[in-house]
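Trainee: In the order they appear, the protein sequences are chains A and B. Per the numbering used here: the first sequence = residues 1 to 131. Per the numbering used here: the second sequence = residues 1001 to 1054. Note that beta-carbon positions come from the ideal geometry of N, C-alpha and C, so glycine has one too. Keep in mind that this is a model prediction, so the values were computed, not measured.
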Amino acid sequence: MGCEIVTVSTDTEFVHLAWQRHEGELADVKYPMGADPTGKLGRQFGVYDKTSGLCLRGTFIINPQGVLMNSEVNFYNMGRNIDELLRKFKANVYLSKKANEGCPSKWKDDGDATLTPGPEMVGKVHEALNG
Amino acid sequence: MSKPKVGLGREVKDFEINTFDPKTGGFGRFSLAEAKEAGKWTVLFFYPADFTFV
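1. Run through DSSP, which three-state label would residue 96 of chain A get?
2. Starting from the C-beta of residue 108 of chain A, find all residues in its chain whose C-beta is less than 6 Å away, skip the five residues before and the five after it, and write them out in chain order.
3. Just list the residues that DSSP pairs residue 1031 of chain B with in beta bridges.
4. Taking DSSP as the reference, what is the three-state secondary structure of residue 1008 of chain B?
5. From this set, A/90, A/22 and A/32, which residue's C-alpha is nearest residue 9 of chain A's C-alpha?
6. Classify residue 44 of chain A as buried or exposed, calling it buried when 16 or more other Cβ atoms lie within 10 Å of its own Cβ.
7. Whose CA, out of A/38, A/15 and A/81, lies closest to the CA of residue 1045 of chain B?
8. Going by Cα to Cα distance, which pick from A/23, A/128, A/61 and A/50 is closest to residue 1036 of chain B?
9. Keeping to the same chain, check which residues put their C-beta closer than 7 Å to that of residue 1042 of chain B; ignore five residues upstream and five downstream.
Spelled out as structure tokens, the structure:
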């Protein structure tokens, strides 16, 4: 899956380096850590809080054409679920190839049941989901 | 909070930011235009601050 993951905060790349080398929990981090000290990128995505100078926990999935396909913003004290992010990422990749299908909430991976909206499904979503 | 300049289903304006890359241990730069040219998806993961939980 061709994918660039970039983590971003208003810290500089120098602070990122210090944190990654210091914090044992980050020993296995492989992703580039983006520096947004002016909050310019955070403002573009609507997650920059000018009263604190920090960014909220925003996650954004952009397709290879540069189109924003998914966004989620959590408040400061609300952590994210990486399994749900992965699920949404996989679903977006899947749907980019099968635009007429829909991934229901329980869809997890390629091969799981999808929905194809159409006249036959009107009033029959329960049957479509449960076979 | 600032009003987003992006929207679902709309093209994101190209941007570039400086990075620290733990894989190389050095500094680098991420460019959305380059990711697009390489046919790659991009996941941006904002968090408030280093030395806190993510």
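Mentor: Let me lay it out:
1. helix
2. Correct list, in chain order: 87.
3. Paired residue(s): B/1016.
4. The answer is coil: DSSP assigns residue 1008 of chain B none of H, G, I, E or B.
5. A/32
6. buried
7. With distances taken between Cα atoms, residue 1045 of chain B lies closest to A/81.
8. A/61
9. 1032 and 1035
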